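Here is the structure we will look at, set down as C-alpha cells.
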Amino acid sequence: MRDPETIFADILDRQNREAVRGEARAIFQSMLNRKLWRKDYKDMNYSIMYPISERVCLFYTFAFAIRKVLDLDLPAVFDSPYGMLDSEMRQGVRAFLKEQSCQQILLGKESEFKEDESPHYILEYKYTGSCSRIRDTH
C-alpha cells in the first residue's frame, strides 16, 4: 500500500494531472450522456457554479479518474450516492458504477436503490437498546 504523501505527490505531477484531467472529462461525459439537454464540457470550468447534481458527479469523476490514473486499489464508499441527483443523472451514475470493477460500498435509504440493485446488507436500527444490527438480505 502506498503512503498518502506519495499518492498526493503523484497527483501533483504534471503528467498525471493531465492524465487525470483527460480521464475525468471522459467519465463526466459518460455520466452526463443520459441528460436530455447534454452540454458539451470540452473545457470543464471549475469556477462556474454547476447544479448540485453535476457537482456531485464531478466529485465522483475525479475520485475515479485519480484511482485509475494512479492505479489505486481502494474501495469506493458513497453516502447517499443518488440523493441529490435528478433521474437522468442517477441513470448515468448507476450505469457508470455498474461498469466499475472495484469494491463499492453504497450507503443510503432502500428507496434510493432499484430492485436489481438490492442491497446485500441492511443496517437496521433497534430502538430498544439504541443499537444497529446488520442483516444479510441474500
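The sequence shown runs contiguously to residue 208 in the numbering used here.
Don't be surprised by glycine CBs; every beta carbon is placed ideally from N, CA and C.
Please read all numbers here as calculations on a predicted model, not as lab measurements.
Rounded to whole angstroms, what's the CA-CA distance from residue i to residue j? Just pull it up for me.
i, j, result
"Arg125", "Ala79", "25 Å"
"Arg87", "Cys127", "19 Å"
"Ala73", "Leu144", "The sequence given here has Asp at residue 73, not Ala. Answer to the nearest angstrom: the Cα atoms are 13 Å apart."
"Arg137", "Arg95", "14 Å"
"Met101", "Tyr130", "10 Å"
"Glu93", "Glu194", "38 Å"
"Gly199", "Ser181", "26 Å"
"Arg84", "Phe183", "39 Å"
"Gln99", "Glu75", "30 Å"
"Gln173", "Leu142", "12 Å"
"Pro121", "Ala165", "20 Å"
Taking 8 Å as the cut-off, is the CB of residue i close to at least one heavy atom of the ligand NAP?
i, result
"Leu193", "As far as ligands go, the structure on display features none, and thus does not contain the ligand NAP."
Mind checking whether residue i and residue j have CB atoms under 9 Å apart?
i, j, result
"Ile175", "Ile192", "no"
"Phe132", "Val163", "no"
Identify the residues that DSSP records as bridge partners of residue i: which are they?
i, result
"Glu194", "Arg203"
"Leu176", "Phe148"
Whose C-beta lies closer than 6 Å to the C-beta of residue i among residues of the same chain, with five residues either side of it excluded?
i, result
"Phe134", "Ile97"
"Ser150", "Gly178"
"Leu140", "Asp80"
"Tyr152", "Arg160 and Glu182"
"Phe148", "Leu176"
Whose C-beta lies closer than 8 Å to the C-beta of residue i among residues of the same chain, with five residues either side of it excluded?
i, result
"Ser123", "Met154, Leu155, Asp156 and Met159"
"Gln170", "Phe134 and Ala146"
"Ser202", "Leu193, Glu194, Tyr195 and Lys196"
"Ile77", "Leu140 and Leu142"
Sorted by chain position, which residues of the same chain lie with C-beta nearer than 7 Å to residue i's C-beta, five sequence neighbours on each side aside?
i, result
"Leu167", "Gln174"
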